[in-house]
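A.B. asks: Here's a structure for you.
Residue numbers (my numbering): 84 to 244.
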């Protein structure tokens, strides 16, 4: 007689975006928790772009179903140039890139998600890095929140502290 053994892998998603990450995430935090439970995830972390926008709703929904959570942020920032930088040329380049981003953002809003839906990245945006930073257990995200807030107070996305 043949015996079949079912092996269930433990899994926790540590990089996902809610609908608070404009043009990237589509689900509300509560929907993400429901889906994680449905899929049998051990835990879930939300890592929205440049902020903890959905964490209170996420925490409440996860608490109701007993799902362990972690909080994180995907920080977007422009890559630093190598070598010495001419301040005047850097300012002109920054203005050019900002204008390209604004023009590109308007076009993406008109086209909806068509560029992303086809797996292509817009070509009018500067090269960026997007590290995901996990804050640790709930209640321990104050240091990361401080850094994100400090970067946002500068008034420019993609230019963290």
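Yeah, the Cβ is synthetic: ideal placement off N, Cα and C, and Gly gets one too.
Remember, it's a predicted structure, so these values are computed and weren't measured experimentally.
Output the distance between the C-alpha atoms of residue 102 and residue 108, rounded to the nearest integer angstrom.
C.D. replies: By one-based count along the chain shown, residue 102 stands at place 19. By one-based count along the chain shown, residue 108 stands at place 25. For residue 102 and residue 108, the distance between alpha carbons rounds to 4 Å.
A.B. asks: Have a look at residue 121 and residue 150 and give me their C-alpha separation to the nearest angstrom.
C.D. replies: Sequence index remark: in the chain shown, residue 121 carries index 38 (1-based). Sequence index remark: in the chain shown, residue 150 carries index 67 (1-based). Going from the Cα of residue 121 to the Cα of residue 150 covers about 11 Å.
A.B. asks: List the residues that DSSP assigns as beta-bridge partners of residue 131.
C.D. replies: For the purposes of this step, residue 131 is identified with residue 48 of the chain shown, where counting begins at 1. Note: residue 131 sits in a beta bridge opposite 156.
A.B. asks: Which class does residue 110 belong to by DSSP, given the choice of helix, strand or coil?
C.D. replies: By one-based count along the chain shown, residue 110 stands at place 27. Note: residue 110 maps to coil in three-state DSSP.
A.B. asks: What do you reckon, are the CB atoms on residue 156 and residue 97 nearer than 8 Å?
C.D. replies: Taking the first residue of the chain shown as 1, we reach residue 156 at position 73. Taking the first residue of the chain shown as 1, we reach residue 97 at position 14. Result no, Cβ atoms of residue 156 and residue 97 do not sit closer than 8 Å.
A.B. asks: Would residue 139 be called buried (16 or more neighbouring beta carbons within 10 Å of its own) or exposed?
C.D. replies: On the chain shown, residue 139 is found 56 positions in, with the first residue counted as 1. The residue is exposed, with fewer than 16 neighbouring Cβ atoms inside 10 Å.
A.B. asks: Using the Cβ count rule (16 or more neighbours within 10 Å means buried), how would you classify residue 234?
C.D. replies: By one-based count along the chain shown, residue 234 stands at place 151. So residue 234 counts as buried.
A.B. asks: Residue 110: beta carbon under 7 Å from a heavy atom of the ligand ZN?
C.D. replies: Of ligands this structure carries none, so the ligand ZN is not represented either.
A.B. asks: What does the alpha-carbon distance come out to for the pair residue 118 and residue 106?
C.D. replies: Against the chain shown, residue 118 aligns to sequence position 35. Against the chain shown, residue 106 aligns to sequence position 23. The straight-line gap from Cα to Cα measures roughly 20 Å.
A.B. asks: Quick one: what does DSSP say residue 227 is sitting in, helix, strand or coil?
C.D. replies: As a working note, residue 227 is residue 144 in the chain shown. In this structure, residue 227 counts as helix in the three-state DSSP scheme.
A.B. asks: Identify, in the order they occur along the chain, each residue of the same chain with its Cβ nearer than 8 Å to the Cβ of residue 124, setting aside the five sequence neighbours on each side.
C.D. replies: The residue you call residue 124 lines up with position 41 of the chain shown. These residues qualify, in order along the chain: 94, 95, 96, 150.
A.B. asks: How about residue 141 and residue 152: do their beta carbons lie closer than 8 Å?
C.D. replies: Position 58 of the chain shown, counted from the first residue, corresponds to residue 141. Position 69 of the chain shown, counted from the first residue, corresponds to residue 152. Taking 8 Å as the Cβ cut-off, residue 141 and residue 152 qualify as a contacting pair.
A.B. asks: Between which two residues does the alpha helix (DSSP H) carrying residue 139 extend?
C.D. replies: Start at 1 with the first residue of the chain shown, and residue 139 comes out as number 56. First-last of the alpha helix (DSSP H) with residue 139: 138-148.
A.B. asks: For a test of the three-state rule: what should DSSP assign to residue 236, helix, strand or coil?
C.D. replies: Here residue 236 corresponds to residue number 153 of the chain shown, with the count starting at 1. Residue 236: helix per DSSP, three-state reduction.
A.B. asks: Mind checking whether residue 133 and residue 100 have CB atoms under 8 Å apart?
C.D. replies: Here residue 133 refers to the residue found at position 50 of the chain shown. Here residue 100 refers to the residue found at position 17 of the chain shown. Taking 8 Å as the Cβ cut-off, residue 133 and residue 100 do not qualify as a contacting pair.
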